[in-house]
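As you go down the protein sequences, you meet chains A, B and C in turn. Going by the numbering used here, 173 is the number at position 173 of the first sequence; the sequence numbering is gapless. Counting the second sequence from 1 gives a position; the numbering used here is that position plus 1000. Counting the third sequence from 1 gives a position; the numbering used here is that position plus 2000. C-beta atoms are modelled at their ideal positions from N, C-alpha and C, and glycine is treated no differently. Heads up, the thing below is written out as C-alpha cells.
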Amino acid sequence: MRKHHDVLSVEWVKLELIRTAYATRGGLFSTMDPRMVVMWYLVLAIVPWFTHNLTVLAGLFVLGCISVGLARVGPLLLGLFVFGLIVETFYVFIAAWLFGGDTQTVIALVELTLKLGAVSLASMAAFVSLDPEKLSDAMLAFRMPQMITFGVSYGYRMLPILIEQFATVFEGYRLRSAPVENKGFLGWRMITQWCRLTVLSFYPIFLNTAKSVRTTVESLEARGFTYAAVDGRGRQIRLAYLRLTAKDWAVMAVTLALIAGVFWFGAQFPLYR
Amino acid sequence: MTSTYERRGELRGTMDENLELNTSQKLMIFVLSMSLFGLSNVILEIIPDVSIGPVDISVAYFVFVPLVMVALFSPFWAALGAPIGEVIFTDLLMGDFSGLAEIEGIIQMFLALYIAGTLMRNPRSKAQIWIGAITVVVIDKFLSAAVDLSKVWIGVEDAEFVEGLPQSILLLEGIGFGVDIIISGILFGAIPAMWLIPALYGKIEPLLGMRPRQPGDKVNGGAQSVWFVVSAVFLSIAAFFFAFLEAWDVEVGVIDSDLREQYGDTFLLVSVAGIIVLLTLVWLISRRTQRRSASPSKD
Amino acid sequence: MPQPIITVTDLSFRYPGADQDSLRNVNLTIEAGDFVTVIGGNGSAKTTLCKTFNGLIPHYWHGEFAGSVHVAGVDTWDSSVTELSAHVGYVYQDFHNQLVRPTVRDEVAFGPVNYGLDDHEERTSSALETLGITELAQRFVWQLSGGQAHLTALASVLAQRPTVLIVDEPVAELDPERAAVIYERLATLNRELGITIITIEHHMEFVARYAKSVILMADGTPAWHLPIEEAITRTGELEAHGIPAPQSINAVKALGISATPRTTEDAVAAIRASGKKPSVHWSGIAHLATQEPNRDVVARAVNVTHGYKSVSGETHMVLNNVNVDLHDGDRVALVGGNGAGKSTLMKLLAGIIVPREGTVWLGETNSRSKASPHLAEHAAYLYQHPELMLLKGSVAEDVALFPKDRKHPDTDALVAHILDRVRLTDFADRDGRTLSGGQQRRATLAIGLAMRPTVLLLDEPTSSLDVSSRDDVTHMLADLAGSIRCTVVATHDMQLVAEWANRVIVLSEGGIIADCHPRELFGSPQVLERAHLTAPEIVRIGNALGVAPVPLSVAELAAAYHGDGPPPVPTATAQTSALGV
C-alpha cells in the first residue's frame, strides 16, 4: 500500500533551508560579529595542534563542549557527535590491534581523538550560529573571492528550484519507464533502476540548467556584479553593518585566557604517553 | 525577401575566433558547475549511507557530473565551481559547515578535476573519459588520504613509533580508496560519463554561447601561472605524504616478515609509483602548455 | 517634440554558429516616454532585438554585428553592459532565474550596492514602494508567488533608475490576472515617472489596452512601427503574422460595426451605440451539454484530502474532502487561481501521488494498490513545462520511451503514426529543446498519446504560446476524442475553456465550487469572482450586453445578433475519423 511521505520533496528541502537560514537557536555566537566568530574558530582550530600534552588536550576538548553548549546546540546532537567520535576511534583501534597495537596505541588514539574532537566542536559551535549570509559576509570581509560569496547567496536561492526540477524530471522518467516487477534480493533491481534513472535524469537537467544560468549571468552582468569585483564600494556597503563590539572582544579575551589557563594547568600536571 | 537580403550596416564585430573566454563566460561555467555538482550532492544527501563497520560503501559523489563539465568546458572554471558548489549546497546551506576542513576538500577536488580536465583533450574519446574519471577519484582520494595521514603524523607524537597505528590508518584509507574507485570512479564516474559527455557535446555549449571544445584546443581559462600554483600545492602535499611514508618506512623494516608486511610493502610501492606517475604527468603537461604558449601562434 | 531615446540604424546580427542573421537591417526609433509593444510570431527575433538595447548584444553575445544602436545618445558598441544598465533595465521571460539574492530587499538592493551608490537604501525603498511590494521586503524569494517574484524582478531593475524598461512576455509565466497587475504598474511607471516601456507580447488584448505604439517584427526586421490606434486596425496584416486581433475588435467587426475598440468596455459601448439588439431567436442550445448521463466512470476521487507540510511545520491542506467522477467522453477544464490545488488534483488522479485521506480509483484500481509507473498506463500526466518532459536527445526517442520500455510490439509504427498526427514527422530527429514553443507542446502531446492512456491530464498546455500555436494545440486537443476517453486540462486560459471544454470544474479554497458546462460558469459572475477568474473578452462583452445564454465565441455572438439559424459548430465537436491510435 502506498502512503504519502513528507520527506524527500521540494517542500522538505525548503524546510531544511529555512531552518538553517533563520538559525533560530540563538546563543552566544549568533549575536557576535561574524568576523570575530570566524577568528575565534580559527584560534580553537589551530591551538590543539601545538601540543601533545593529554591534559591540555582534554582541557581544550572540555572548552569545545562548553562552547557548543553556549551555542545552544541540543544535548542530543552533542551526544551523537561524541558517540560518533568514540565509534570511529574504536574502529581504528580494532585495526591497530590487528597490526599488533597495545595500550600505547590506545593512548595515541585518545590523543588524536581529543585533538580532532576539539577542532570539530569549535567548528560546530561557530558555524551552527552563523547563517549562510552572515558567513559569506565574513568571508567577503576577509577578502575571499567574490565568486564564493556570490555562490552562497545564489545557491541559497536556486537550491529549491533545482531540486524541484530534478524531482519532476526523475518522476517523469520513472513514470515513462517500465515498472520493476521483481524487486530482487534486498531490492537490488529497484536500486539499480533508481541509480540508472538518476544518471539519465542529468541529461535534461544539464541542458535546462545551462539555459537558466545564461539568464542569471546576463542579469548579474547588467546589475554590476563584475563591476563590484573591481570597484570596492559595493563591498564596503555590504559590510557596513558589521561592528566589532565590546562583547566580541570580551569573548575573544576570555577564550584566550582560558586557553592560556589550560596550558598552564597542563604544564603543572602533564600527562604524556 | 530572404533572397534579396543584404546587410546594409557596416560590420563592426565578427565571430570570436580566439578562444579566450570573457568574464561572463567564465562566470557561466563556474555557476553551472557549482549548481550541478551541488545539486548532485544534495541528491546523494537524501539517500541513506550504507556502511559495513568502518568501511563506507556509499557513493562518495557523482563524479560524472563535474567530469562532464571539465570535459566540455574550460577545466579551470569548471573544476573550481564544482567543489565550491558541494561545500555551499550540502554543507553551508544544510547547516553542516566544518570550517578549515572544507578548504582541504575544495583544494583536493579542484586539483583532481583540473588535472583530469586537462588530460581529456578530446571530449569524444572514450579512453580519455575513463582516464579522466579514474584520475579524479585517484587524485582526490590520494590527497585526502595524505591529509588524513599528515593529521595523524602531526597530531600524534612520534606517530611512526606507535605500534600498529600507521598500518591501521593506511589499511582503512586503502579500503576506502578501493571502494571509492569502484563505486565513484567507475560506476558513477566513467560509465555514466561515457554516455553523457558525447550526448551533451555540441548541444550544451551553444546554450552558453560557446563553441564546442575541439581535440586540438589549448587548455584555456587558466594562465600558465595557474600551473605554477597547481604544481606548487600538489608538490607540497606530495612532499608531506613522502615524508610520512619515509618516517614509516623505518618502522616497516622492524616488523617481522609476514602477510601484513607484504601488504604494507605493496601499498607503499603502489603509492610511490602513483605519485611518481602523477608528478611526471604534471611536469609533462606544464611543459607542453608552456611550449604552446611560447609558440608564435599567440602573441 | 519627444526626443528619441533609442535609435537603431541598419542593424544586423548573427549568433555564433548560426547560418543566417537573426536581425536583418533593422531601422527603428523609439521615443522617450513611449509605451512600445513588440509583437511577432515565435522566432521573429523579438527578444534578440531587445537584447541589443541594453548592450547584451554585442558585449555579451559575440556574433557578427553590423550597424549601430544608440541609447540615450550612446553608441552601444562603444559602451558596456555596465554603463548601459544605468539607462536600460531588462526583465526576462524566465524572470525566476534573474533573482539571485535570498530576500526581496537584498535582491532589489543588489544593483545599487554593486555600483556602490550612496543612495542605495533610498533607491531600494522607493523601488519597492513604487511597485507596492514594501511589505514583501523581508520575504525569502522562494516564498513568493509568481506575480510577486515578477514584481521583485521589476523592482530590482527599477532600483537602478533606468530611463528604459524592457519586459519580456510577462504573460508567459503568469496567469492573466497577475499579468494585468504587472501591466497596470508599468502603465503607472510610464505615466508618472516618464519611463519608456518596451514589452514583448503575444496577447493583443494587453497590447490594445496598454501600448502607445506597436512594433511588428517579421523575419528579423520590423514590418512597421505604428501608433496603437493605427496598428490595431491592421487586423489582416496581424493575422498574417500569426497574431489574431483581440476578441473585442473581432466582435465589433463580426457585427458589421466600423470601430476599433481598445478595451472590452469600448467594444460594449460601440455595439450599444450601433443600436443593434440580440435576436430573440438566440438560444445557444446547440452547445449545452447534451450527453447521456450514464456514461462509464474512468477515474474517481472519493473524499480526497491532501496537503503538504509547510515551512512553519504544520500541514497546509490543498484539497479538502473533494469528490469527483470523470466520465468517458469528458473534456474537463480544471480552473482556479494559483495554489487552488489544480496540479495536486491532477497528480492524484494520475496516481503519481496518493491522498492523505480518501481514495482515488483509476478504473477499477485503487491508486494506493499499485506503483505509479503501473498507473501511468491508465492515466498519463503531462507537465506544464515541456523542457521537463523532453528527456532524450530527439523527439522520436522521447515519444518512443514509454512504449519501447514496456515492450510494445509495434513501437516504431506507433511512434511514426503519432508523430505524423502531431505534424512533427519532419522534426523526429531534432532535440525537442531546439523546437519552437508550439512544437514543444505538440511533442509533449505526442509523448502522452504514445502512453495510450484512458485518461490524459495536461497542465497548462497553452501557456506562453503565441496565439496561432495556441489555436493549434486547442485543435489538437479537440481531435483527441477518438483515442483518449477522457481529457483533463488544468488551465488559466479561459478562451481554451470556452472553446474546447464540455465540462468545467472550478477549484477554490480546497474544494470544488462549481462543476458545470463552461457556458453556465461564464453566466455566473459570482462564481467567477470567487475563484478569481476572468472570463474571455467575448463572454464579458456578451454578459455586458445581456446576451443570454452567454456566447462563448465571436461566431456565437454574431449568431446571437443575426439570429439566422443555429450558430456554427465550434471546432471542439468537429471530429475526424483518422484517430484510432
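Item, Value
"Spatial distance of I1043(B) from I2195(C) (CA atoms)", "45 Å"
"Candidates R2406(C), P2112(C) and D2398(C): closest to A2376(C) by CA position", "R2406(C)"
"CB contact below 8 Å: W238(A) versus chain B", "The sequence given here has Arg at residue 238(A), not Trp. By this cut-off, R238(A) is not an interface position."
"DSSP bridge partner residues for P2222(C) (one or two, in chain order)", "M2217(C)"
"Best match in N2027(C), E2460(C) and I2513(C) for proximity to I2215(C) [C-alpha to C-alpha]", "N2027(C)"
"Span of the alpha helix (DSSP H) around E133(A)", "P132 to A141"
"Where the stretch 1153 to 1173 of chain B meets chain A: residues whose CB sits under 8 Å from a CB there", "I1154, G1155, V1156, E1157, A1159, V1162, E1163, G1164, L1165, Q1167, S1168, I1169, L1171 and L1172"
"Below-8 Å beta-carbon distance, G1085(B) vs any chain C residue", "no"
"Contact the stretch 2198 to 2214 of chain C vs the stretch 2118 to 2134 of chain C: 3+ CB pairs below 8 Å", "no"
"Residue-level contact to chain B via CB, T216(A), 8 Å cutoff", "yes"
"Minimum C-alpha distance to P2146(C) - residue among V2473(C), I2243(C), F2095(C) and L2477(C)", "In the sequence under discussion, the amino acid at residue 2146(C) is Gly, which differs from the Pro named in the question. Closest by alpha carbon: F2095(C)."
"Other residues of its chain near R2139(C): CB distance less than 6 Å, five sequence neighbours each side excluded", "V2104"
"Where G32(A) sits in the DSSP three-state scheme", "The sequence shown places Met at residue 32(A), not Gly. It is coil, neither helix nor strand."
"N2097(C) at chain A interface by Cβ criterion, 8 Å", "yes"
"Classification of I1046(B) by the beta-carbon crowding that lies within 10 angstroms, buried from 16 upward", "exposed"
"Secondary structure of Q2020(C), DSSP reduced to three states", "coil"
"G2432(C) beta carbon less than 8 Å from that of V2395(C)", "yes"
"Per-residue contacts from A1149(B) into chain A (C-beta, under 8 Å)", "In the sequence as presented, Ala is not what sits at residue 1149(B); that position holds Leu. Neighbours of L1149(B) on chain A: none; closest Cβ ~12 Å, over 8 Å."
"Chain A contact for T1023(B) (CB, 8 Å cutoff)", "yes"
"Contacting residues, own chain, Cβ-Cβ under 7 Å from H2252(C) (five flanking each side not counted)", "Reading the sequence as shown, one finds Val at residue 2252(C) and not His. Excluding sequence neighbours, V2252(C) sits near A2259, P2261, A2267, A2270 and I2271."
"Interface residues of chain B facing D2431(C) [CB-CB closer than 7 Å]", "K1203"
"C-alpha gap between Y2092(C) and Y2115(C), whole angstroms", "21 Å"
"Partner residues on chain A for E2582(C), Cβ-Cβ distance less than 7 Å", "It is not possible to answer for residue 2582(C), since the shown part of chain C is limited to 2001 through 2581."
"Nearest neighbour of E1010(B), chosen from Q2020(C), E2064(C) and G2017(C) [CA to CA]", "E2064(C)"
"Through-space distance from V2113(C) to V2473(C), alpha-carbon basis", "46 Å"
"Local conformation of V2167(C) per DSSP, three classes", "strand"
"Any chain B beta carbon closer than 8 Å to T2007(C)", "no"
"Distance between T2009(C) and A1310(B) (C-alpha atoms, nearest Å)", "As shown, chain B starts at 1001 and ends at 1299. That puts residue 1310(B) outside it, with no answer to give."
"Closest by C-alpha distance to E221(A), when choosing among T2444(C), R2178(C), L2165(C) and S2080(C)", "S2080(C)"
"Reduced DSSP category for L1208(B) - H, G, I as helix; E, B as strand; rest coil", "coil"
"Range covered by the alpha helix (DSSP H) that runs through I1182(B)", "From DSSP, I1182(B) is part of no alpha helix (DSSP H); its letter is neither H nor E."
"T2037(C) beta carbon less than 8 Å from that of P2004(C)", "no"
"Nearest to A2211(C) (by Cα), restricted to the options I2200(C), L2419(C), V2088(C) and S2367(C)", "I2200(C)"
"Cβ neighbour criterion (16 or more within 10 Å) applied to E1006(B)", "exposed"
"Own chain residues within Cβ distance below 8 Å of E2390(C), not counting five before or after", "What sits at residue 2390(C) in the sequence shown is Leu, not Glu. So the list reads D2398, D2431, G2432, R2433, Q2440, A2443 and T2444, once near-sequence residues are dropped."
"Residue-chain proximity (E2201(C), chain A), Cβ-Cβ < 8 Å", "no"
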